[in-house]
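Working notes, structure below.
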Amino acid sequence: MKGEECPHPVHRILLCSLLGHLARPYIFAEPGNVLPRGIPVVIMCKSPAGFDRFRLEKEDLRIIDAINSSSSKTEARFYLGRVNKDTVGRYRCLYEIKNIWSPRSETLVLEVIREDITQASTPISEVTQVFTTQSYKVWNGVTMALAGVVLLVLGAIIGEAWYSHRKSTDSSRTPGGHNQGD
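Counted from 1, the sequence shown has number 52 at position 29 by my numbering; the numbering is strictly sequential.
If you want it as structure tokens, here you go:
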């Protein structure tokens with residue numbers, strides 16, 4: 024029964040290793056599996072516990088092996104670069120512990136959509152749009168604060184001018200309410 028998924032949930036790795044069974048790994052892509060051309064992609068493979076080696080396969084052909092350098096590490100990261108026609112396809116991974124190979128993971132289908140971020144003239148991704156929206160919010164806040172300071176300064180100047188004008192007008196009047204020149 025070597026290579027079948029281990030059915031035992033308790034002490035899975037130890038028991039399954041002794042029996043010659045390993046659990047199926049989990050595979051996923053970051054930032055996702057359907058991407059515009061030109062976006063960098065990483066395929067992640069996870070085992071329920073440690074591993075000696077992970078293997079990534081595309082269309083059932085071995086393309087990359089990752090050797091584990093840490094006994095506590097449970098995932099392997101495969102950097103495929105920017106998504107293009109050569110990186111799209113069906114990927115699976117499997118791992119090895121002490122010369123025993125796990126069954127293959129479920130199939131991950133990496134797809135590219137028509138939008139090309141290296142050539143696009145419109146906003147490219149939600150990340151860029153969110154960053155731009157947040158930038159405008161910050162800029163609007165700074166602009167409003169600056170406008171408030173300018174209005175405060177203008178109010179102070181107008182208040183000072185009014186106070187000076189009133190003081191000079193009051194000092195030129197006589198106690199009887201007439202101007203001094205009358």
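Glycine included, each C-beta is placed from N, C-alpha and C at the ideal position.
Practice item. Report yes if the C-beta distance between tyrosine 217 and leucine 79 is below 9 Å; otherwise report no. Key: Outside the shown range of the chain, which is 24 to 205, sits residue 217, and nothing can be said about it.
Check your understanding: DSSP puts arginine 100 in a beta bridge; with which residues?
Key -> Met67
Point to revise | Cβ separation of lysine 108 and aspartate 75, assumed to be a contact under 8 Å, to the nearest whole Å | key: In fact, because the Cβ distance is near 33 Å, the residues do not count as touching under 8 Å.
**Study point:** Residue from Gly55, Gly73 and Tyr102 with nearest C-alpha to glutamate 119
**Key:** Ranking Gly55, Gly73 and Tyr102 by Cα distance to glutamate 119 puts Gly73 first.
**Study point:** Within 9 Å, strictly: CB atoms of isoleucine 66 and phenylalanine 101
**Key:** yes
Review point. When burial is assigned at 16 or more other CB atoms within 10 Å of the CB, is isoleucine 90 buried or exposed?
Key: By the 10 Å Cβ count, isoleucine 90 comes out exposed.
Check your understanding: Quick one: Cα of histidine 44 to Cα of cysteine 116, how far?
Key -> Straight-line spacing of the CA atoms in histidine 44 and cysteine 116 works out to 16 Å.
Review point. If we count the other Cβ atoms within 10 Å of its Cβ and call it buried at 16 or more, is arginine 241 buried or exposed?
Key: Past the boundaries of the shown model lies residue 241; the chain is included only from 24 to 205, so the question cannot be answered.
**Study point:** Beta-carbon gap between leucine 84 and leucine 133 smaller than 9 Å
**Key:** no
Review point. When you compare each of Leu131, Gly171 and Ile181 to asparagine 56 by their alpha carbons, which one comes out closest?
Key: Leu131
Exercise for review: Let me know the secondary structure DSSP gives alanine 168 once reduced to three states.
Suggested key: helix
Review point. Can you tell me whether DSSP reads glycine 61 as helix, strand or coil?
Key: coil
Exercise for review: Tell whether a beta-carbon distance below 9 Å holds between valine 106 and arginine 60.
Suggested key: yes
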